[in-house]
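In the numbering used here, the protein residues as written are 54 to 399.
All residues carry an ideal CB built from backbone N, CA and C; glycine is no exception.
To start, the structure itself, in structure tokens.
What follows is the structure, encoded as structure tokens:
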């Protein structure tokens with residue numbers, strides 16, 4: 054079976070319940086990898102079910118960045134062209150938080166970003182700044198770079214030396230305009246979001262080839278069409294309760310914890326055009342598994358006369374969604390992933 058499209062559970066639930074939502078924005082599971090950058094498509098579904106891709110958030114792994122390099126560029130379709138913005142931060146999650154806030158994207162879709170970490174400890178979203186041709190628009194070098202016939206070489210050198218620049222392949226002068234390349238990528242991603250999942254990869258590649266931009270750029274971009282993950286049921290794990298003195302013998306604090314685990318399986322296909330005659334598509338199907346853990350932590354503090362532990366265990370399933378009266382806390386979760394297998398040649 055080829056890879057499933059990226060219709061989200063949230064969208065499906067909206068349809069099933071008849072929720073009156075004019076349009077919703079989501080992060081696609083699928084993405085496009087080009088060099089050290091990953092183009093994350095953001096799609097919109099209107100009330101009639103029509104899907105469009107008018108945003109890409111390009112992210113590079115901070116490990117691949119040097120010095121003050123820009124690590125995120127937001128491309129937005131406006132009419133027939135695309136505009137771009139970026140952020141001075143070197144934390145891609147600040148950019149992600151900013152985009153999520155502006156487009157109303159749920160935290161529940163955080164695992165769709167192909168970048169480690171999260172934005173839980175970022176208090177406010179940094180507003181994006183105008184961006185042009187590899188640097189922020191207010192950079193003193195911006196006019197020179199934008200007008201230079203050696204723009205690509207200049208930006209590459211600036212990025213290598215740790216300057217506040219972004220060397221994104223989609224912006225390079227390679228015979229296709231940036232607008233055309235983004236249009237082609239958007240057309241390819243739309244095919245992963247609708248239609249028969251058995252043919253999603255083939256249709257996506259065909260749309261990209263038909264745009265005339267699949268052969269532009271170096272390195273050649275790879276479309277990654279990805280399944281939504283599949284989960285096994287939660288398995289109840291440890292129950293723990295412990296308490297300790299606080300405030301110099303004036304009382305005790307209690308923390309009770311309920312932990313559950315489950316297995317997560319993801320599947321994806323990496324696809325690209327083989328330009329060696331006769332031209333064919335190249336596919337690489339991969340899977341990976343992970344162990345997801347969630348823990349409910351509840352805390353309470355009482356005078357010395359209180360005997361806080363043990364706290365009675367709740368029913369083994371489902372996990373409690375809230376702490377009992379007088380307690381405070383919440384659920385935290387994490388996933389430990391294995392490697393994608395088999396290894397792909399591209």
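- Look at the beta carbons and you see the region 98 to 114 not touching the region 192 to 209: under three pairs across the two are nearer than 8 Å.
- Going by DSSP, residue 149 is part of the alpha helix (DSSP H) stretching over 145 to 156.
- If you look at residue 326, you'll find it in the beta strand (DSSP E) that goes 304 to 327.
- Ranked by Cα distance from residue 103, the options 243, 205, 138 and 139 are led by 243.
- In this model, residue 195 and residue 189 are separated by some 7 Å (Cα to Cα).
- Contact annotation: residue 223 and residue 162 have beta-carbon atoms that are not nearer than 8 Å.
- Residue 338: member of the beta strand (DSSP E) spanning 333 to 356, first to last residue.
- In the structure shown, residue 190 adopts coil according to DSSP, grouped into three states.
- Nearest neighbour of residue 164 by Cα position, chosen from 382, 363 and 343, turns out to be 343.
- When DSSP states are grouped into helix, strand and coil, residue 208 belongs to the helix group.
- 8 Å or more divides the Cβ of residue 233 from the Cβ of residue 261.
- Under the DSSP assignment, residue 200 falls in the alpha helix (DSSP H) whose first and last residues are 195 to 200.
- Within the region 89 to 125, the runs of beta strand (DSSP E) that reach at least 3 residues and sit entirely inside it are, in chain order, 90 to 99 and 104 to 113.
- In the DSSP secondary-structure assignment, residue 269 is not bridged to any residue.
- The beta carbons of residue 386 and residue 347 sit closer together than 8 Å.
- In the three-state scheme derived from DSSP, where H, G and I count as helix and E and B as strand, residue 183 is classed as strand.
- Annotation: the continuous beta strand (DSSP E) that includes residue 275 extends over 275 to 279.
- For residue 231, the three-state secondary structure derived from DSSP is helix.
- For residue 257, the enclosing alpha helix (DSSP H) starts and ends at 253 to 263.
- Take residue 156, set aside five residues on each side of it, and the residues of its chain with a beta-carbon closer than 6 Å to its own are 78, in chain order.
- For residue 278, the closest alpha carbon among the candidates 268, 398, 230 and 94 is that of 94.
- Burial is judged here by how many other beta carbons sit within 10 angstroms of a residue's own beta carbon; residue 141 has fewer than 16 and is exposed.
- Check the Cα spacing between residue 212 and each of 396, 117 and 286: the tightest is with 117.
- Taking residue 136 as the centre and dropping the five residues before and after it, the same chain places the C-beta of 129 closer than 7 Å to its C-beta, in chain order.
- In the structure shown, the three-state DSSP call for residue 168 is coil.
- Residue 85 is bridged by DSSP to 92 and 276.
- Beta-bridge annotation (DSSP): residue 283 is paired with 318.
- Cα atoms of residue 208 and residue 126: separation of roughly 14 Å, rounded to the nearest angstrom.
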